[in-house]
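Asks: In terms of this note's numbering, the sequence shown has 20 at position 17, counting the first letter as 1, and numbering is strictly consecutive. Glycine included, each C-beta is placed from N, C-alpha and C at the ideal position. If you're wondering where the values come from, they're calculated on a predicted model, not measured in any experiment. Pasting a structure below so you can have a look.
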Amino acid sequence: MSPPPSRIQRVQHVGLKVHDIEVAIAFYRDVLGFRVSDRYNPGDNPYGPHAICFMRCGNLHHAVSLVHFSKETEISSRPEMMLSPEVGLHHVAFEVGSKKELEDWANYIRAQGLELAMEPVVHSPANPEGDGTMGENRAFYFKDPSGNGIEIFCDMAEMDEDTNRVNDKWFRDRLERDGHAGEAADPPPAWKPGVSSMADAKERFGKK
Ligand SMILES: [Fe+2]
């Protein structure tokens, strides 16, 4: 077996499936001191019907993503690792150092004979390569042999504490790093309480 193409830098965030997203958000916000970076209402996520709340403890867009699954609903949309409605681990995310490293990792995982649950995407409503979702991270997904969801990603958005918006310099530096003009797009607007981050994504960005 060939060695991994680079070292994974760290475990950076975890996705958790929850049955009551309001209770979960209140716990992470009020008890643990996390802050909401973005939030999707049910139906606004192009990858499935579930609501999601992205919460951070430091300055990166999310350290925990809360994914709402109803106890009653069998989810039947892709990716398959998100199918089961039980609470618990949705996915754990490992960070690598660059777009090049991520592409090498995707090829490496495929070469292991593992099927990707989601091919590499950029989770952004604004980036020219973006899939319309939030976080800015370039990521792909697969399952470990036990069925746990694994994400490998790079470039999680850095957030501004004052504006609760993706940092402008980080956003433009990343565009240039990936071969785009720094002025090709603006960071997505800050989330507003009570509003789904993707409620008007089609109108705002003309995509997905
Ligand atoms: Fe993730």
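#1: Does the segment 136-145 come close enough to the segment 158-172 that 3 or more CB-CB pairs lie under 8 Å?
#2: May I have all residues whose beta carbon comes closer than 6 Å to any heavy atom of ligand 1, sorted in chain order?
#3: In whole angstroms, what is the alpha-carbon distance linking S80 and E164?
#4: Based on the DSSP output, what are the partners of R59 in its beta bridges?
#5: Of the choices R59, M4 and M121, whose alpha-carbon is the least far from that of P49?
#6: By Cβ distance below 6 Å, which residues in the same chain neighbour A129 in space, the five residues on each side in sequence not counted?
#7: D176 bridges to which residues according to DSSP?
#8: Spell out a yes or no on whether the segment 62-76 and the segment 172-181 are touching, meaning 3 or more CB-CB pairs, one atom from each, closer than 8 Å.
#9: Run through the segment 103-132 for me and flag every whole beta strand (DSSP E) of 3 or more residues, listed as ranges in chain order.
#10: Take V95 as the anchor and find which of G116, P88 and L69 has the nearest alpha-carbon.
Replies: With the given structure in hand:
#1: Flag = yes, the segment 158-172 and the segment 136-145 touch.
#2: Those residues, listed in chain order, are H16, G18, S68, H94, A96 and E154.
#3: Caution is warranted here: a pLDDT of 48 is assigned to S80, below 50, making its placement in the model unreliable, and the coordinate value is therefore given only provisionally. Taking the straight line from one Cα to the other gives about 35 Å.
#4: Beta-bridge pairing links R59 to R38.
#5: The shortest C-alpha separation from P49 is found at M121.
#6: Excluding sequence positions up to five before and after A129, its CB lies within less than 6 Å of the CB of A188 and P191, all in the same chain and listed in chain order.
#7: In DSSP, D176 forms no bridge with anything.
#8: Output reads no: the segment 172-181 does not touch the segment 62-76.
#9: List check, beta strand (DSSP E) in window: 121-125.
#10: Considering only G116, P88 and L69, the residue with the shortest C-alpha distance to V95 is L69.
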